[in-house]
Every structure is written in structure tokens, then in C-alpha cells.
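Peer 1:
Numbering (our numbering), first residue to last: 93 to 433.
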């Protein structure tokens, strides 16, 4: 449903049903975006774009996806999909212009909030003060039989089968192209960090897309801003012993080490997909859900709907508005931007 200016729509909240493992929200789509919150963001975004134009700021490095335009109103079913690129474009346009410093800061705050609304883990962190650290050695089992996408346990054959048959949905093609361009724009910074940590540049870039919406003014841990302060959301108070000059690279290095990515050995396709899914959580493989994780497959033929709209809270009708990690990998490869996986 598309919102009109100053039109306030209220809906009754669905009953929340608890299970032993996760919370279920039935019969409500896009549960993470209220109509009023979406309207408020739409108004704020329109104001920032007007200010950017009045300052005659230069265009961003990358144009918006073909189906997105400035000043267009957001809806609950596209708040992140349309709002994120526009906020990031404002941050890029304001870069290096002292007149637009407050504009960039405001856009970063709005982008951080929007990312947090869209992104969630499939299980609550048992120790919220600590990062979600993946095992020191994390490669998918090779011995399990080839399985269908709804397998309860991941295995290498499944990842390869899904990857080889992955195709972008026509209505998401422009957005996927935009994500690939953004990875290219940030490649120099990702490669610099890769040389320090040993993590492939494109893996870093995809984590940056999913966890911080490509914002180099935000912490890689969770998209929190500003970089001059430690994180306020889970994981909190990161990086430890944080000190000037408060750069994105320094914070991101801490994050890759804390989260366990910098200690991994071997970066095959199957290894990377397993690490992405393990980091976000294996909740999509639970009995009663059993769908390909949108953290990997959103925007592709392998994903239709169903999403954890908050940590550990499942909504069968919500649709992910983030481009999946595997989809980005596949189209980096198709564009010859990385070697064949």
C-alpha cells in the first residue's frame, strides 16, 4: 500500500505467538515497517534531497537504480529498497563539502536506523554484549547427501546447486546492478582491508552491503554511526579501546577479527556461502520454516517471502528488501569482476 502525504494509517497489531525457539507473527507483511514510520522517513528524505539540490551538490558516483527516483514517496513494501540507495547517494554527494556536513550526518543516522529495521538475525544473541562469532573453522559438511533447498542442515552440494541455478528476478535486476556498481565503487577500500585481514575484498564488500548498507561513515559491525563513537546496538561498545583517528578501515578490521572472519582458511564458494548463512543464523532451516535464507538468496528465483523481522521473530509474509549475499557473488562473477567460483 502506498502512502499519501500526511495520511496516517493505523493497523491493529497481530497477536504474537511464542514457541520455544522463536517468535511467530502471522498474517502481516512488512512487519518491521509501520506506515507512520515509513511516512516520516519519506518526508525527511524528501527534505534532505531538496537541501542537497539547493546546495548544488555534485551527482553521486553511481546513479540510482532505474526504477527509483528522488522525491518519490516510500511505501511499507519498499522503504529499504528505495530509501537506502537515496540516503547513500546523499552521503556521497555531500562528501568533502563543509556546507553539507549536517546533511550527510542526518542521512547517515536515517540510513543506520533503516538498516537496523531491515536487518535481523534468525536467533537472538545469547550474549548481546559479544559479536556473533562464527567457529574458527567453518566449512560446510561434504559428506551429507545432496539435498533440496529446504534441508535442515547445510551442505556443500546444496550451496553449489542453488548457486548454479540462481537467477535474478526481472523486477530486481536494476537493484542488483546497482549493488554490483556499489561494490565496485568501494573496491579500493575493500582491497586495502583485505590485504590486512586476508578476507577477500568482495566478501568484505558484501558484508558491508548487508550490515551497513555500503555506508563508509558507519561501523561494519552493525551500521551504527558515527565512527567517532563505539557502537550503541548489538554488539555494543565496539570496537574495544577505540581511539582516533576513528577510520572506517580501523573499525572494520576490528569487526572482521571479532566476528571470526579474519581467522578463516579457504575461501571456496561453498565456504563463503556457509559463513554468510552461519553468521546470520540457521533459523531459516528450522522445521516449520525451511526456506532458502534471504540473507543469501533474496532477489533471486530461490526466494519468495518469509523473513525474520527482528532477532528471533519470524513473519511468514514479510519479504526481504536486501539483496542476498549469494546473488551479489553470482553477479560479480557474471560481470567478470571476480574469478570463477
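Ideal Cβ placement from N, Cα and C applies to all residues, glycine included.
Which runs of the beta strand (DSSP E), 3 residues or longer, sit entirely within the stretch 221-275?
Peer 2: Complete beta strand (DSSP E) runs here, min 3: none at all.
Peer 1: Tell me whether the beta-carbon of residue 294 lies closer than 8 Å to the beta-carbon of residue 312.
Peer 2: No; because the gap between Cβ atoms is not below 8 Å, this pair is not in contact.
Peer 1: Have a look at 409, 384, 148 and flag the residue whose alpha-carbon is nearest the alpha-carbon of residue 254.
Peer 2: Ranking 409, 384, 148 by Cα distance to residue 254 puts 384 first.
Peer 1: For residue 382 and residue 186, what's the separation of their Cα atoms in angstroms?
Peer 2: Going by the C-alpha atoms only, they are around 43 Å apart.
Peer 1: Per DSSP, residue 194 is paired with what?
Peer 2: Bridge partners of residue 194: none, in fact.
Peer 1: Report the three-state DSSP secondary structure of residue 122 (helix, strand or coil).
Peer 2: Any reading at residue 122 needs caution, since the residue's pLDDT is 47, under 50, leaving its predicted position unreliable; the model's value is listed next. In the structure shown, residue 122 sits in coil (DSSP, three-state: anything other than H, G, I, E or B).
Peer 1: Can you confirm whether the stretch 199-217 touches the stretch 395-404 when touching is taken to mean that 3 or more C-beta pairs between the two stretches lie within less than 8 Å?
Peer 2: Enough Cβ pairs lie closer than 8 Å, so yes.
Peer 1: For chain D, find out if any of its Cβ atoms is closer than 8 Å to the Cβ of residue 197; answer yes or no.
Peer 2: In summary, chain D is missing from the structure at hand, where a single protein chain is found.
Peer 1: Measure how close the beta-carbons of residue 182 and residue 199 come, nearest whole angstrom, since I'm counting them as under 8 Å.
Peer 2: The pair is a contact, with the Cβ atoms about 4 Å apart (cut-off 8 Å).
Peer 1: Give, in chain order, every unbroken run of the alpha helix (DSSP H) that is at least 4 residues long and sits entirely within the stretch 350-374.
Peer 2: For the stretch 350-374, whole alpha helix (DSSP H) runs of length 4 or above, ordered along the chain, are 361-372.
Peer 1: Can you give the Cα-Cα distance for residue 226 and residue 195, rounded to whole angstroms?
Peer 2: Their Cα atoms are separated by approximately 37 Å.
Peer 1: Hey, how far is the Cα of residue 122 from the Cα of residue 171?
Peer 2: Because the pLDDT of residue 122 is 47, which lies under 50, any placement of that residue in the model is unreliable, and the question is left without a value.
Peer 1: For residue 390, count neighbouring Cβ atoms within 10 angstroms of its own Cβ and tell me buried if that reaches 16, exposed if not.
Peer 2: Flag for residue 390 reads buried.
Peer 1: In this structure, how does DSSP classify residue 385 when only helix, strand and coil are distinguished?
Peer 2: Coil at residue 385, not helix or strand.
Peer 1: Roughly how many angstroms lie between the CA atoms of residue 151 and residue 321, to the nearest whole one?
Peer 2: So the two alpha carbons sit approximately 29 Å from each other.
Peer 1: For residue 417, report the span of its alpha helix (DSSP H) as first-last.
Peer 2: Where residue 417 is concerned, the enclosing alpha helix (DSSP H) stretches over 417-426.
Peer 1: Assuming residue 175 and residue 137 are in contact, meaning their beta carbons sit under 8 Å apart, how far apart are those beta carbons, in whole angstroms?
Peer 2: Rounded, the Cβ-Cβ distance is 6 Å, consistent with contact.
Peer 1: Thinking just about the alpha-carbon of each residue, which of 393, 394, 398 is nearest to the one in residue 378?
Peer 2: Among 393, 394, 398, the Cα nearest to that of residue 378 belongs to 398.
Peer 1: So if DSSP puts residue 392 in a beta bridge, which residue, or which two residues, is it bridged to?
Peer 2: Paired residues: 260.
Peer 1: Return the chain-ordered list of same chain residues with a C-beta closer than 7 Å to the C-beta of residue 307, the five sequence neighbours on each side being excluded.
Peer 2: Excluding sequence neighbours, residue 307 sits near 180, 183, 200, 203, 315.
Peer 1: Would you kindly report the start and end of the unbroken alpha helix (DSSP H) that includes residue 136?
Peer 2: It spans 127-146 - the alpha helix (DSSP H) in which residue 136 sits, taken as one unbroken run.
Peer 1: For residue 168, tell me which candidate among 125, 206, 258, 289 has the shortest Cα-Cα distance.
Peer 2: Considering only alpha carbons, the answer is 125.
Peer 1: Taking the Cβ atom as the reference point for each residue, do residue 190 and residue 144 lie within a distance shorter than 8 Å?
Peer 2: Result no, Cβ atoms of residue 190 and residue 144 do not sit closer than 8 Å.
Peer 1: How close, in whole Å, do the beta carbons of residue 298 and residue 417 come, if the pair is a contact with beta carbons under 8 Å?
Peer 2: Their Cβ separation, rounded to whole angstroms, is 5 Å, which keeps residue 298 and residue 417 in contact under 8 Å.
Peer 1: How far does the alpha helix (DSSP H) with residue 294 in it reach, from first residue to last?
Peer 2: First-last of the alpha helix (DSSP H) with residue 294: 293-304.
Peer 1: Ordered along the chain, which non-local residues of its own chain (more than five positions away) have a Cβ less than 6 Å from that of residue 350?
Peer 2: The residues are 223.
Peer 1: In terms of alpha-carbon separation, which member of 414, 128, 361 lies closest to residue 425?
Peer 2: Among 414, 128, 361, the Cα nearest to that of residue 425 belongs to 361.
Peer 1: Give every residue of the same chain whose Cβ lies closer than 7 Å to the Cβ of residue 210, excluding the five residues on either side of it in the sequence, and list them in chain order.
Peer 2: Correct list, in chain order: 124, 172, 413, 414.
Peer 1: Whole angstroms are fine: how far does the CA of residue 197 sit from the CA of residue 166?
Peer 2: About 21 Å.
Peer 1: Take residue 348 and list the residues in its own chain whose beta-carbon comes closer than 6 Å to its own, dropping the five residues that flank it on each side.
Peer 2: Only 289, 291, 354 meet the Cβ criterion.
Peer 1: Rounded to a whole number of angstroms, what is the C-alpha to C-alpha distance between residue 343 and residue 286?
Peer 2: If I take the Cα positions, the gap works out to 14 Å.
Peer 1: Please state if the CB of residue 154 and the CB of residue 270 are separated by a distance shorter than 8 Å.
Peer 2: For residue 270 and residue 154, yes; Cβs fall inside 8 Å.
Peer 1: Can you name the start and end residues of the alpha helix (DSSP H) that residue 319 belongs to?
Peer 2: Run containing residue 319: none; DSSP gives neither H nor E here.
Peer 1: Can you name the start and end residues of the alpha helix (DSSP H) that residue 288 belongs to?
Peer 2: 279-289 is the extent of the alpha helix (DSSP H) around residue 288.
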